[in-house]
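So the structure is just underneath, and the comments pick up after that.
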Amino acid sequence: MKRIEIANWAVDEAKRLGAQAARAELSCIDMLNVQCEDAEVSTLQQNSGCGLVLRLFVDGRFGTFSTNRLDKSEISSLIQNGIACTRLLSQDPDRTLPDPARYYKAGSFEQNRLESLALESFKENDPNIDPVKLALSIGKPVLGSDSRIIHLTTQFGSRSGWQYIADSQGFQGIGFCSNAYAYTSVSLRDEGDSRPSDGWVEAGICYDELLPLLPGLGPKALFAARWRLGATSVKPGFYHLAVEPVCLMKLLDPMLDAMNGYNLYMHRSFLTDRLHKQVASSLLTLTDEPQRKGAFGACLYDLEGVRTQFTPLIQEGRLMTYFFSTYYARKMKTQPTLSGSNVLCIAPGSRTRQEILSDYEETILITGFLGGNCNEVTGDFSYGIEGQLFRKGERIQGVSGMNITGNMLQLWQNLCQIASDTERTFDGYFPTLFFENINLQ
Amino acid sequence: MQHFKISEGEIKAIIAESLKYGADYADIYFEHSSTLSVSLQNEDDNKASQNIDFGAGVRVVSGEKTGYAYTEEVSLPALMNAARQAARICQGDQPIVKVANFHPIVPLKTFYRNRDLDLQPSEQQIEELVVYLKELREQLLEADSRIVNTSGSIIHKVRRFAIANSLGDCYEEEQPITNISVGSVIAHEGRTERASCSRSFRRTLDMLTSSLQKELVGQCVRKLHFALTAIQPTGGEMPVVMGAGASGILLHEAIGHAFEADFIRRGESIFTDSLDKQICDPDITVVDDGTLPDFRGTIHVDDEGVPSQCTAIVTEGRLTSFLHDRISARHFGVAPTGNGRRESFRHMPVPRMRNTYMLSGHSTESDLIASVKKGIFVDDFSNGQVQIGAGDYSFFVKGGYLIENGHLTQPVKDINIIGNGPRTLSDIHGVANNLVVDPSTWTCGKEGQSCPVSCGMPSVLVEKLTVG
């Protein structure tokens, strides 16, 4: 509570020193990570930290100032310098705190706290959890199971923390987050000097979610690494592609960036003037479900304190909204929406991935991307891919050293099937998506 | 350690606590940094920000094991607690080594200004930054009336750190770094394109001269005009001439990461068994140079107290050194190469590149282009990535040209290049005599840590790469 009082004090101090409005965001996090190499502990890290971000609105100007030195004299000095620095900028009347009517309201500060969306509070010092033992145990099913294994890395870790937000219009809120994760990576000896590797990560918002997944982690990583052996390019041409849920964000990110108010304001968006128009196949319905219980990133309000809500982003292929924070809404002379997405969800189809793979003569299942980029203004993209070639649903060979190229709008128009295998990822809930007629070079 | 208000005796006590349970090495790293940023988007969207970061990390090494803990409170009790946390990596119940007495501080060679830097820039300096960005915007708009928006930002960071270890080494250092970037969007006959460029040096704000303004504006406008005529070409396997300068990303991705000795120690790199072997043409020599005056990857001492150096990693085609931190150096029984770097006190140091570049050869760029019947020339990049074990790497090409019958023809953009490190090296046939180390803002990511680096190269011809 002492730290929360400092955040509240900082808001008052900013006003006392000359800011007309201010917001404080205080974040504290504890983390633990154990890494093992070939079933020997190699690194152990246990840390905690706190940081305060102050957003100052001074004479129609705006500045952001942050520090991890949480004593009053340091903060006061930061605010004084910050106010002086902000006064040197040009006036920008669009910089304001949000309309208080849009704030999340739960009646009281304590209620906000109780409505934290975590399924259960994180057991930081659970006596039944021995992170070192768990990290060592993850690799056991794999070590010695394949003579080609050169190296095995396993990790077990957890993060838990909270963020308190307060502003000079009276908003106060605290949100808690936690996750526990485990990771395994396997390197295998291939022909020549090649040592392909692949890994797998499992995570939960608490230990109870993660622990049942640990026995399967090593075998999943080994399976993925084995399909890297002998991976090679296939004949260039136009292919059906399937994209695994865990790597789908590479294709979704450019769409989300193009919906962002900042990029629209800066004329850097290939979705300019596309609101309520068809931007993807009618199969695609993408929603933001920030209050979905148990999701990573679930929250009751955004960084401005504005309440979150279920929001259709793309409905049957039609673009339903842009992301306008208070500032960019004012810049664009429109109504604010949300600063960005929190928990993305794609509506699943009715058939399994394997059933759909069996439909096609040849499909490349993308299991990872290697570099590449998307031109934010035109939507033209090129990404390196890694994956596997399937023929009539049968896995044939690993694929590497190839690019997919095209335009982002065309890619999403080419979405042709959605599987039923929804997976929870750090960004949301996604099934395997299938695209047709994609240029593979 | 005066800045961190901690005495030599207290540091020795903290290191002794770290060694208490059988560690064979320990170090403590103090850091205080201030990052100022001023940005201007269009006419009136301007913003200032400043971040102050302060803390210390204790590292404890026992054989191949490492324990690490940091604290944001630099006091004896907090540091002793961090030392005990980090020492949990050890299994023993008594010390096996003692803390050495601190050696007298040996002056380091200097490659940039590193004393009396201001953690808090003055109001006058900040005011000048705002004016500088406004002038940049005005010059861009004057240069081409089709420009529909502009953006610019200046980031200036001063990092003051100190390191002491159980061997008795002790260093204090100040590092400046200043980045400026400028971008704009142009609209012409229904086509909209964006371009940006940047400069970054280990310098203070005095690098922001009027001649730099002109240079940035000229480069940005050239890139905009180029983008208006460029196309996304048909891909495939083809010869690629990589232009001097930013093409150093090839070295960074294709070999640099795979030479980092933590990957070698764990047997994960495709180059694990290649030390002292001929891996490419004898015309090729590649260095990782931490001593290049003022460049972004230059350091006087690395983040574990090893003085910087220029390390020849490929000498006349032979792999002559990996990039070592203290842990890998001890594993291989060699001297550390000054590549132990970290993002901040929140992270352990790991082997990282500094300024990585290939030395000039004997051909000319025009000869290399003339030797290609059908291929591409590339010289503007972003987004590199590598698979250390398989050796596959990629980087994104923002700009280049088709080469047809030995001549540069159609401008091209937005393509990805994929290759395999060892194969690409052996496919380099022709190194020009025009080495340029790129002055742009290159940042390398590894294990969740970012580090400033630079890269460079003379023009080279790679016989075959996948372009798509």
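Residue numbers (the working numbering), protein chains in the order written: chain A, 1 to 441; chain B, 1001 to 1468.
Every residue gets a Cβ at the ideal spot worked out from N, C-alpha and C, and that includes glycine.
If you're wondering where the values come from, they're calculated on a predicted model, not measured in any experiment.
- Interface flag for glutamine 45/A against chain B is set, since a Cβ pair is found closer than 8 Å.
- Unbroken alpha helix (DSSP H) runs of no fewer than 4 residues, entirely contained in the stretch 1389-1456 of chain B, are found at 1421-1426, following chain order.
- Boundaries of the beta strand (DSSP E) harbouring glycine 1057/B: 1045-1062, taken from the DSSP string.
- DSSP places asparagine 407/A inside the beta strand (DSSP E), whose first and last residues are 394-407.
- Rounded to whole angstroms, the separation of the alpha carbons of aspartate 38/A and aspartate 1262/B is 14 Å.
- Exposure of arginine 395/A is indicated by the presence of fewer than 16 other C-beta atoms within 10 angstroms of its C-beta.
- Contact annotation: phenylalanine 1111/B and proline 1336/B have beta-carbon atoms that are not nearer than 8 Å.
- At the C-beta level, isoleucine 1428/B and valine 1241/B stay beyond 8 Å of one another.
- Burial is judged here by how many other beta carbons sit within 10 angstroms of a residue's own beta carbon; arginine 16/A has fewer than 16 and is exposed.
- Cβ proximity to chain B below 7 Å picks out Phe62, Gly63, Thr64, Phe65, Ser66, Thr67, Asn68 and Arg69 from the stretch 58-70 of chain A.
- The continuous stretches of alpha helix (DSSP H) do not include serine 1247/B, and DSSP gives it neither H nor E.
- Contact with chain A is found for glycine 1389/B, since one of that chain's Cβ atoms lies less than 8 Å from the residue's Cβ.
- Following the DSSP letters along the chain, one finds glycine 144/A in no beta strand (DSSP E), marked with neither H nor E.
- According to DSSP, tryptophan 200/A shares a beta bridge with Thr184/A.
- Closer than 9 Å at the C-beta level to chain B, one finds no residue of the stretch 154-167 of chain A.
- Here glycine 1168/B is near phenylalanine 1102/B, since their CB atoms are less than 8 Å apart.
- Rounded to whole angstroms, the separation of the alpha carbons of glutamate 1127/B and glycine 1152/B is 15 Å.
- Under the Cβ criterion of 8 Å, threonine 405/A is counted among the residues facing chain B.
- In this structure lysine 1012/B is buried. Its beta-carbon is surrounded by 16 or more other beta-carbon atoms within 10 angstroms.
- Here histidine 276/A is exposed. Its C-beta has fewer than 16 other C-beta atoms within 10 Å.
- With contacts defined by Cβ atoms closer than 8 Å, leucine 32/A and serine 158/A form a contacting pair.
- The three-state reading of DSSP puts histidine 276/A in coil, since its state is none of H, G, I, E or B.
- For methionine 259/A, the uninterrupted alpha helix (DSSP H) run begins and ends at 249-259, by DSSP.
- For glutamate 1123/B, the enclosing alpha helix (DSSP H) begins and ends at 1123-1143.
- Of all alpha-carbon atoms in Val343/A, Leu213/A and Pro431/A, the one lying nearest the alpha-carbon of serine 137/A is that of Leu213/A.
- Of the residues assessed, valine 1131/B falls on the exposed side of the cut-off, its CB having fewer than 16 other CB atoms within 10 angstroms.
- For isoleucine 1299/B, the three-state secondary structure derived from DSSP is coil.
- Secondary-structure assignment with DSSP links methionine 1001/B through no beta bridge to anything.
- Apart from the 5 residues on each side of it in sequence, histidine 240/A sits with its Cβ closer than 6 Å to the Cβ of Tyr360, Thr363 and Glu436 in its chain, given in chain order.
- Taking 8 Å as the threshold, the shortest C-beta distance from alanine 84/A to chain B falls below it.
- Within chain B, the residues placing a beta-carbon under 7 Å from that of proline 236/A are Gly1236, ordered along the chain.
- Residue environment analysis places threonine 405/A among the buried positions, since at least 16 neighbouring C-beta atoms fall within 10 angstroms of its C-beta.
- Arginine 1115/B and glutamine 397/A have their C-alpha atoms roughly 58 Å apart.
- If you ignore the 5 residues before and after arginine 330/A, its C-beta comes within less than 6 Å of the C-beta of Asp94, all in its own chain and listed in chain order.
- For asparagine 68/A, the three-state secondary structure derived from DSSP is coil.
- Residue contact check for glutamate 1463/B against chain A: no CB pair falls below 8 Å.
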